[in-house]
Amino acid sequence: MAKKGSESAATAGKDKKEPGRLKQIGMVAKVVHRQSPRSIPLAAGVAVLILAVFVAVGIITGSWILWPLTGLPIALLTGFIIFTRSAQRVQYKMLDGQIGAGAAILDNMRGNWTTEFAVNANRQQDVVHRVIGRPGVVLVGEGDPHRLKSLISSEKKRVSRVALDTPIYDYKVGNGEDQVPLSKLQRTLVRLPRTLDKKDVTQLNYRLRALPAKMQMPKGPLPRNAKMPKGMRGQGGG
1 MAKKGSESAA TAGKDKKEPG RLKQIGMVAK VVHRQSPRSI PLAAGVAVLI
51 LAVFVAVGII TGSWILWPLT GLPIALLTGF IIFTRSAQRV QYKMLDGQIG
101 AGAAILDNMR GNWTTEFAVN ANRQQDVVHR VIGRPGVVLV GEGDPHRLKS
151 LISSEKKRVS RVALDTPIYD YKVGNGEDQV PLSKLQRTLV RLPRTLDKKD
201 VTQLNYRLRA LPAKMQMPKG PLPRNAKMPK GMRGQGGG
């Protein structure tokens, strides 16, 4: 009986296995084609054009094997870069205006960044996320810009008590005045001046995580892409 149970568990694990890399690319390609029909033909056309240039040079110079072999990976890489950028634009377009869109973008930040989601919020589902990296502390607000002003201000005061002289930046996600568009959020953070080394970032993370959670639960369900602070997990009703 134990053997059968373990076999069924293993089978269930295989069934829940995430799709492979090629399958994921195929799924993304379907979404991109549906939202932006010209993107994939453009990427393929550029790749074919680059390869054709290398083939032509190979024929002219007499190195008709070396040049195409050199051009093939360059053509594929260029086409893939165009495809990934198109996929990114589609992602921003689909997320724009949705609750938790900024959290989803911050969650995909590459490099030495740590994000605490919804460290401050109100009942209208305006939220403030706290991002820590080598530039210092970055507070990112999502929601109504007027209501976010007080949320960001109170969070900045809390952070400043333990951040000491560490720079604290704040941004509001949106397409209005004094807001950062979703498509430029990652780029804005990455371009901030780096004032801390890795050791400083680790120590800053430790001090900020010691802060007590200060968050009003929004009405209704939590935003799909938002994550609760660690101190709030497991405190639901029941």
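Residue numbers for the sequence shown follow UniProt numbering, so the first one is 1 and each next one is one higher. Ideal Cβ placement from N, Cα and C applies to all residues, glycine included.
Chain B within 8 Å of residue i, Cβ atoms only
i: Pro145; result: In summary, chain B is missing from the structure at hand, where a single protein chain is found.
Exposure label - residue i; buried when at least 16 CB within 10 Å
i: Asn122; result: buried
i: Gln125; result: buried
i: Pro37; result: exposed
i: Arg85; result: exposed
i: Arg34; result: exposed
i: Arg130; result: buried
i: Pro73; result: exposed
i: Gly62; result: exposed
i: Thr115; result: buried
i: Leu22; result: exposed
i: Val137; result: buried
Best match in the options for proximity to residue i [C-alpha to C-alpha]
i: Ser183; options: Tyr171, Thr202, Gly58 and Gln91; result: Gln91
i: Ala210; options: Arg161, Arg21 and Pro193; result: Arg161
i: Arg207; options: Pro193, Tyr171 and Ile132; result: Ile132
i: Ala43; options: Phe80, Glu177, Glu155 and Gly62; result: Phe80
i: Pro212; options: Tyr171, Leu164 and Val159; result: Val159
i: Val32; options: Lys198, Leu164 and Arg89; result: Arg89
Element boundaries [beta strand (DSSP E), containing residue i]
i: Leu148; result: That residue, Leu148, is in no beta strand (DSSP E); its alpha helix (DSSP H) goes Pro145 to Ala163.
Opposing strand residues paired with residue i [DSSP bridges]
i: Trp170; result: Strictly speaking, residue 170 in this sequence is Asp, with Trp absent from that position. In the DSSP output, where bridge partners are listed per residue, Asp170 has Leu139.
i: Glu116; result: Arg130
i: Ala121; result: Val127
i: Val180; result: Val173
Start and end residues, alpha helix (DSSP H) containing residue i
i: Ile25; result: Arg21 to Gln35
i: Gly71; result: Leu66 to Leu95
i: Asn205; result: Lys198 to Arg209
i: Ile50; result: Ser39 to Thr61
i: Gln98; result: It is not in any alpha helix (DSSP H) - Gln98 carries neither H nor E in the DSSP assignment.
i: Arg187; result: Leu185 to Val190
Residue i Cβ short of 7 Å to the ligand ZN heavy atom set
i: Gln186; result: Ligands displayed in this structure: none; no statement on the ligand ZN is therefore possible.
C-beta contact flag for residue i and residue j at 8 Å
i: Leu139; j: Ile168; result: yes
i: Val190; j: Gly141; result: no
i: Val53; j: Pro68; result: no
i: Asn120; j: Leu151; result: yes
i: Thr166; j: Leu204; result: yes
i: Gly20; j: Leu51; result: no
i: Leu95; j: Ala104; result: yes
i: Pro193; j: Pro135; result: yes
i: Leu66; j: Ala47; result: no
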